[in-house]
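Enquirer: Residue numbers (my numbering): 7 to 404. Every residue gets a Cβ at the ideal spot worked out from N, C-alpha and C, and that includes glycine. Please read all numbers here as calculations on a predicted model, not as lab measurements.
(1) Which ranges does the alpha helix (DSSP H) cover as unbroken runs of at least 4 residues, wholly within the stretch 78 to 106, from first to last along the chain?
(2) Tell me the residue span of the beta strand (DSSP E) that contains residue 122.
(3) Within the continuous beta strand (DSSP E) that includes residue 202, where are the two ends?
(4) I'd like the list of long-range same chain contacts for residue 146, defined as Cβ closer than 6 Å, with 5 residues on each side in sequence excluded.
(5) Below 8 Å on the Cβ atoms is my contact criterion, and I expect residue 170 with residue 64 to pass it. Report the Cβ-Cβ distance as a whole number of Å.
(6) Is it right to say residue 106 is buried, meaning 16 or more other beta carbons lie within 10 angstroms of its own, or is it exposed?
(7) Have a look at the DSSP bridge pairing and note the partners of residue 68.
(8) Enumerate in chain order the residues of its own chain whose CB-to-CB distance from residue 271 is below 6 Å, with the five nearest sequence positions on each side excluded.
(9) Should residue 88 go down as buried or exposed, given a rule of 16 or more other Cβ atoms within 10 Å for buried?
(10) Using the Cα positions of residue 27 and residue 290, report the straight-line distance between them to the nearest angstrom.
(11) Which one of 217, 208, 151 and 157 has the shortest CA to CA distance from residue 188?
(12) Please name the residue, chosen from 268, 241, 158 and 52, that lies closest to residue 364 on a Cα-to-Cα basis.
(13) In whole angstroms, give me the CA-to-CA distance for residue 369 and residue 337.
(14) Which residue or residues does DSSP assign as beta-bridge partners of residue 150?
(15) How would you label residue 182, buried or exposed, when you count the other beta carbons within 10 angstroms and need 16 or more for buried?
(16) Check whether the Cβ atoms of residue 286 and residue 325 lie closer than 8 Å to each other.
(17) Please state if the CB of residue 49 and the CB of residue 3 are separated by a distance shorter than 8 Å.
(18) Do residue 206 and residue 137 count as a contact pair if the criterion is CB distance below 8 Å?
(19) How would you label residue 339, buried or exposed, when you count the other beta carbons within 10 angstroms and need 16 or more for buried?
(20) Go ahead and label residue 321 buried or exposed: buried means 16 or more other beta carbons lie within 10 angstroms of its beta carbon, across all protein chains shown.
(21) Here's the rule: buried if 16 or more other CB atoms are within 10 angstroms of the residue's CB, otherwise exposed. What is residue 161?
(22) Determine the direct distance from the alpha carbon of residue 333 to that of residue 209, and round the result to whole angstroms.
(23) So the candidates are 241, 294 and 254; which of them puts its Cα closest to the Cα of residue 57?
(24) What are the residues that DSSP puts in a beta bridge with residue 230?
(25) Got a sec, what are the start and stop residues for the beta strand (DSSP E) residue 134 sits in?
(26) Would residue 323 and residue 380 qualify as a contact pair, given that the criterion is a beta-carbon distance under 8 Å?
(27) At the level of alpha carbons, what is the spacing between residue 294 and residue 341?
(28) Measure from the alpha carbon of residue 230 to the alpha carbon of each residue in 328, 97 and 238, then state which is nearest.
(29) Reducing DSSP to helix, strand and coil, say where residue 371 ends up.
(30) Compare the Cα-Cα distances from residue 378 to each of 101, 226, 277 and 167 and report the closest residue.
(31) Using the Cα positions of residue 102 and residue 243, report the straight-line distance between them to the nearest angstrom.
(32) By a C-beta neighbour count over all protein chains shown, 10 Å radius and 16 as the cutoff for buried, is residue 269 buried or exposed?
(33) If we count the other Cβ atoms within 10 Å of its Cβ and call it buried at 16 or more, is residue 343 buried or exposed?
(34) Give the secondary structure of residue 41 by DSSP, where H, G and I count as helix, E and B as strand, and everything else as coil.
(35) So what's residue 215 in DSSP terms, helix, strand or just coil?
(36) Spell out the partners DSSP gives residue 182 in its beta bridges.
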């Protein structure tokens, strides 16, 4: 085998420019394949990580909808949360509401700044990480994100005007109140370039003038020994007007909306494998054709068909391995660049990623490309092993 490998290597380097071009082709194929494997489930994995980071394993949403998918809401959400919290397996159940609010400094006449307001019960902080201060613990308090704090020059203890329903003529808020900044935080689902605030949900309801205690969803945290799937499945049967999901189930429910990325990755990944197959087959076929007389002479000197077949197969394997190793590095660099472009789309959480490298992705790409290289070498290897010795030698002599 070592002799076959050595001969395969010497045969390839006879044409260094051609070898570089074909390795470059396999490199591109490997980079595309890796990026498509990362894209196929990357967004779902990233969203799943974001949801799990909140610490709540079960989501309760309006029937047939995903959280914040429309203006639909859970009615009497506090009573619904109490119904879940009464179960011994549930550690906590809280209503969660979101709507656009407007924030300004009381001492300034600047136009209020639009921000997305998150409402949760006092003391709860399910979608943010406090950087300074503390979460809201009573009515009249507010948490602002780093962007808004910098824009308005806010610090813990400052007062702000917050409200809804701005007057389009003058920009003043018709329904507003003064709130004290209790903390500055990083919001988990904050989109790039947006502003976010967190308030006690009762303040959100009061500003909106809502008496039905609406919520976009309920966040349910189960005890460590409880199974989130069992809790979700059992509660689904209790209520007709809501859907109850464990985190993997809500990601699966969102799969139809993300299927475009899976289809794109499948098509481009398949094309990249096809390109790699054709490149390796073409190179090896050219190499065998150029060495036709040499191969016949070697066969006449006693080199077996199996030895010749192994030598050509090694060429395909060497090209595939070299292109794959370089392609993995290129693919990781390109994925980071493309991810930066895609995550700049408006409305996406800043922490979400489209290209996520998961355990086994590298092994999948390497095995697919190495297998493709071996398959691509079958036809030229068969040609080399089945050469007609006497006819080829006679043609070479003539």
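Expert: Reading off the structure:
(1) 83 to 91
(2) Within the chain shown, the letter at position 116 stands for residue 122. Counting along the chain, the beta strand (DSSP E) containing residue 122 begins and ends at 119 to 126.
(3) Along the chain shown, one-based indexing puts residue 202 at 196. Note, residue 202: beta strand (DSSP E), 202 to 206.
(4) As a first step, residue 146 must be located in the chain shown, where it is residue number 140. Once the five neighbours on either side are set aside, the close Cβ partners of residue 146 are 185.
(5) Along the chain shown, read from residue 1 onward, the residue named residue 170 stands at position 164. Along the chain shown, read from residue 1 onward, the residue named residue 64 stands at position 58. About 30 Å; that fails the 8 Å criterion.
(6) Stepping through the chain shown from its first residue, residue 106 is reached at position 100. Residue 106 comes out exposed.
(7) For this step, residue 68 is matched to residue 62 along the chain shown. For residue 68, which the question treats as bridged, DSSP gives the partners 248.
(8) Taking the chain shown and counting its residues from 1, one reaches residue 271 at position 265. Answer for residue 271: 42, 45 and 46, listed in chain order.
(9) For this step, residue 88 is matched to residue 82 along the chain shown. The residue in question, residue 88, is exposed, as its Cβ has fewer than 16 Cβ neighbours within 10 Å.
(10) In the chain shown, counting from the first residue as 1, residue 27 sits at position 21. In the chain shown, counting from the first residue as 1, residue 290 sits at position 284. Distance between the alpha carbons of residue 27 and residue 290: 13 Å.
(11) Position 182 of the chain shown, counted from the start, is the residue given in the question as residue 188. When only C-alpha atoms are compared, the closest one is 151.
(12) Taking the first residue of the chain shown as position 1, residue 364 is located at position 358. Residue 52 is the option with its Cα nearest to residue 364.
(13) Counting from one through the chain shown, the residue named residue 369 turns up at place 363. Counting from one through the chain shown, the residue named residue 337 turns up at place 331. Each residue's Cα considered, the two are about 14 Å apart.
(14) Working through the chain shown from its first residue, we reach residue 150 at position 144. DSSP output for residue 150 lists 190 and 203 as bridge partner(s).
(15) Here the question's residue 182 lines up with position 176 in the chain shown. It is buried - the Cβ of residue 182 has at least 16 other Cβ atoms within 10 Å.
(16) Position 280 of the chain shown, counted from the first residue, corresponds to residue 286. Position 319 of the chain shown, counted from the first residue, corresponds to residue 325. Yes, the Cβ-Cβ distance between residue 286 and residue 325 is below 8 Å.
(17) This structure cannot speak to residue 3, because the chain is shown only from 7 to 404.
(18) Numbered from 1 along the chain shown, position 131 holds the residue referred to as residue 137. Numbered from 1 along the chain shown, position 200 holds the residue referred to as residue 206. Contact flag unset, no.
(19) For the purposes of this step, residue 339 is identified with residue 333 of the chain shown, where counting begins at 1. It counts as exposed.
(20) Sequence index remark: in the chain shown, residue 321 carries index 315 (1-based). Residue 321 should be labelled buried.
(21) Position 155 of the chain shown holds residue 161. Residue 161 is exposed by the Cβ-count criterion.
(22) Taking the chain shown and counting its residues from 1, one reaches residue 209 at position 203. Taking the chain shown and counting its residues from 1, one reaches residue 333 at position 327. Going from the Cα of residue 209 to the Cα of residue 333 covers about 54 Å.
(23) To locate residue 57, count along the chain shown from 1; it is residue 51. Answer by Cα proximity: 254.
(24) If you number the chain shown from 1, residue 230 lands on position 224. Answer is none; residue 230 lacks a bridge partner.
(25) Here the question's residue 134 lines up with position 128 in the chain shown. Looking at the DSSP string, the run of the beta strand (DSSP E) that includes residue 134 is 134 to 139.
(26) On the chain shown, residue 323 is found 317 positions in, with the first residue counted as 1. On the chain shown, residue 380 is found 374 positions in, with the first residue counted as 1. It is a contact, given that the beta carbons lie within the stated cut-off.
(27) Here the question's residue 294 lines up with position 288 in the chain shown. Here the question's residue 341 lines up with position 335 in the chain shown. Approximately 37 Å between the Cα atoms of the pair.
(28) Position 224 of the chain shown, counted from the start, is the residue given in the question as residue 230. Cα-wise, what sits closest to residue 230 is 97.
(29) Numbered from its first residue, the chain shown carries residue 371 at position 365. Helix at residue 371.
(30) Here the question's residue 378 lines up with position 372 in the chain shown. Among 101, 226, 277 and 167, the Cα nearest to that of residue 378 belongs to 277.
(31) In the chain shown, counting from the first residue as 1, residue 102 sits at position 96. In the chain shown, counting from the first residue as 1, residue 243 sits at position 237. Roughly 22 Å between the two C-alpha positions.
(32) For the purposes of this step, residue 269 is taken as the residue at position 263 of the chain shown. Its Cβ having fewer than 16 others within 10 Å, residue 269 is exposed.
(33) Looking up residue 343 in the chain shown gives position 337. With fewer than 16 other Cβ atoms within 10 Å, it is exposed.
(34) To locate residue 41, count along the chain shown from 1; it is residue 35. The answer is helix: DSSP assigns residue 41 an H, G or I state.
(35) By one-based count along the chain shown, residue 215 stands at place 209. Coil.
(36) Counted from its first residue, the chain shown places residue 182 at position 176. 169, per the DSSP bridge assignment.
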